[in-house]
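Colleague: In the numbering used here, the protein residues as written are 49 to 226. Quick one: structure below, then a few questions.
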Amino acid sequence: MNNNFSSIVLLILSLGLTACGGADLQDLDDFMAEKKSRPAGIIKPIPVFKAYKTFSYSASSLRAPFEKPIEVTEITRLQMKSNVKPDPNRTKEYLEQFDLGSLAMVGTLEQGDTLWALIQDEQGGVHRTKISNYIGRNHGRIIEATETYLSVIEIVPNGVDGWVERPRTIKLKTLEEE
49 MNNNFSSIVL LILSLGLTAC GGADLQDLDD FMAEKKSRPA GIIKPIPVFK AYKTFSYSAS
109 SLRAPFEKPI EVTEITRLQM KSNVKPDPNR TKEYLEQFDL GSLAMVGTLE QGDTLWALIQ
169 DEQGGVHRTK ISNYIGRNHG RIIEATETYL SVIEIVPNGV DGWVERPRTI KLKTLEEE
């Protein structure tokens, strides 16, 4: 039975191949001959590209243009009351290399009595932070952490050889904001 089945399959395949071989392909041959008889097109040379001129951004240490500036009267008032200054001997934490505006809160974790905020940096890495951790380039210290936001106090120059504290908030990033 197996031998008969193989013979039948072989017969059907050979009939199928024979049916395909006798087609009239003259119209296809004429079309190809007509296309080959046309003159070949001219390919334009590759354009010459100008060398890339690098740009060095030198204002990265200044206040971002979209951040609200501190009022001069408020600075003067706070300067008289405040004796704030950053600790130059403190070891910098990892998230202090990023601008506060480039960091986003993407979630929270709770372990025992500690609420950890998950912060995503501008390179896509996610880091755990908690109250008293430092974050941002302006000596920002986390003073409050909830499931929806972080409160940060930054220490920024006041413009007259002193320092002032500035409150900032990092809100939880939602799916609509992505």
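By construction, the Cβ of each residue, glycine as well, lies at the ideal position given by its N, Cα and C atoms. No experiment lies behind these values; they were computed from the predicted model shown.
Could you please give me the residues that DSSP links to Arg-214 through a beta bridge?
Modeller: Glu-202, per the DSSP bridge assignment.
Colleague: Specify, as a first and last residue, the run of the beta strand (DSSP E) that Leu-157 falls within.
Modeller: Segment 152 to 159, the beta strand (DSSP E) holding Leu-157.
Colleague: Hey, how far is the Cα of Ile-183 from the Cα of Leu-166?
Modeller: If I take the Cα positions, the gap works out to 12 Å.
Colleague: Can you tell me whether Lys-101 is helix, strand or coil according to DSSP?
Modeller: Coil, per DSSP.
Colleague: From the DSSP output, in three-state form, read off Ala-112 for me.
Modeller: If DSSP states are grouped into helix, strand and coil, Ala-112 belongs with coil.
Colleague: Which one of Met-153, Gly-173, Gly-160 has the shortest CA to CA distance from Ile-190?
Modeller: Closest by alpha carbon: Met-153.
Colleague: Sorted by chain position, which residues of the same chain lie with C-beta nearer than 7 Å to Val-26's C-beta, five sequence neighbours on each side aside?
Modeller: For the chain, the structure presents residues 49 to 226; residue 26 sits outside this window and is missing.
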